[in-house]
Amino acid sequence: MTDRTEALIPRARAQVADCAVHLPDWLRLEQQRELLAACHDWARPPAGMRTVSLPSGGMMSVRMVCLGWHWHPYRYSRTVDEGAAVRPFPDWLGEVGRRAVAEAYQDPVAGAAYRPDVALVNYYDSTAKMGLHQDRDEHSREPVVSLSLGDDCVFRFGNCRTRTRPWTDVLLRSGDLFVFGGPSRMAYHGVPKILPGTGDPAVGLAGGRLNVTLRVSGLTD
Ligand code: SIN
Ligand code: MN
């Protein structure tokens, strides 16, 4: 269990790399509960939460539902594998993205201009991981906005050149915001570890971690 006394101590905003910013405790408890309720809705079929097969023949350990555009490794389309239309990307989530960019970069103009049209919602059970990768299937280099719910994880934020060090390990907790763009947009990143049982029960996620990333696809139909 999380040490709730520790949870009362505010964690500091951190600039992890150029234009890569961690804002701890960005979503209030009520906002986390609302985002979780939306994730539960999005997870339902059709075009709901699913396992993801990789072209290599393997399977990702996270399960995923997409909004706006469906991500298949390694391309986007308007339909999921069974042919159903991808769920729409809601306007309110775009507003969350604009506020996120404005606050992460302390730049209201950049925030107002941000127009995300894709969300990937990843569910990690206690053993799921995500290897170091670049978000490279978007045709736009606008920032990625990441929101976390549930259990804590180690989020590894590397460099744009190689999948190896240097990297920084950041503890992402429920309600945290992480934004990466600009010179860090193509940085390798991943989730080597979930810390089971660390989530605040008040958020309402029984176990595991949800991560919602907002992106600008740069795609048109
Ligand atoms: C991702 O890279 O798409 C997800 C990162 C995370 O789960 O924090
Ligand atoms: Mn990614």
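Residue 224, in my numbering, is where the sequence shown stops; the numbers in between run on with no holes. All C-beta atoms in this analysis are idealised placements derived from N, C-alpha and C, irrespective of residue type, glycine included.
Is it buried or exposed for residue i, if we count other Cβ within 10 angstroms and need 16 for buried?
| i | result |
| --- | --- |
| Ile197 | buried |
| Cys42 | buried |
| His25 | buried |
| Met4 | Caution is warranted here: a pLDDT of 44 is assigned to Met4, below 50, making its placement in the model unreliable, and no coordinate value can be reported. |
| Gln34 | exposed |
| Pro112 | The question names Pro, yet the displayed sequence has Val at residue 112. Exposed, by the Cβ-count rule. |
| Ser56 | exposed |
| Ser129 | exposed |
| Trp95 | exposed |
| Arg47 | exposed |
Can you pull the DSSP bridge partners for residue i?
| i | result |
| --- | --- |
| Phe160 | Thr171 and His192 |
| Tyr79 | Trp74 |
| Phe181 | His25 and Ser149 |
| Gln18 | Val24 |
Using a Cβ-Cβ cut-off of 8 Å (strictly less than) and excluding sequence neighbours within five positions of residue i, which residues of its own chain qualify?
| i | result |
| --- | --- |
| His73 | Ala50, Tyr79, Ser80, Arg81, Thr82, Val83 and Val89 |
| Val104 | Asp110, Ala113, Gly114, Tyr117, Pro146, Val148, Val182 and Gly184 |
Indicate whether residue i and residue j have their beta-carbon atoms separated by less than 8 Å.
| i | j | result |
| --- | --- | --- |
| Gly221 | His142 | yes |
| Ala122 | Val215 | yes |
| Gly114 | Phe92 | no |
| Gly193 | Gly134 | yes |
| Arg188 | Arg144 | yes |
| Asp179 | Ser151 | yes |
| Gly161 | Ala190 | yes |
| Met67 | Asn125 | yes |
| Val147 | Pro195 | no |
| Asp3 | Arg159 | A query on residue 3 cannot be resolved here, the shown segment of the chain reaching from 4 to 224 and no further. |
| Tyr127 | Val206 | no |
| Arg31 | Asp138 | no |
So, with DSSP's three-state summary, where would you put residue i?
| i | result |
| --- | --- |
| Gln34 | helix |
| His136 | strand |
| Tyr126 | strand |
| Asp154 | coil |
| Arg212 | strand |
| Ala103 | helix |
| Ala46 | helix |
| Leu39 | helix |
| Leu222 | coil |
| Val89 | coil |
| Ser187 | helix |
| Leu198 | strand |
| Leu96 | helix |
For residue i, which residues from the same chain have a beta carbon less than 7 Å from its beta carbon, with the 5 sequence-adjacent residues on both sides left out?
| i | result |
| --- | --- |
| Ala87 | Pro49 and Ala50 |
| Val19 | His25, Phe160, Thr171 and Val173 |
| Pro186 | Asp21 and Cys22 |
| Pro76 | Val55, Leu57 and Pro58 |
Skipping 5 residues on each side, what residues in its chain have a beta carbon closer than 6 Å to that of residue i?
| i | result |
| --- | --- |
| Arg176 | Asp155 |
| Pro27 | Arg14 and Asp179 |
| Glu85 | none |
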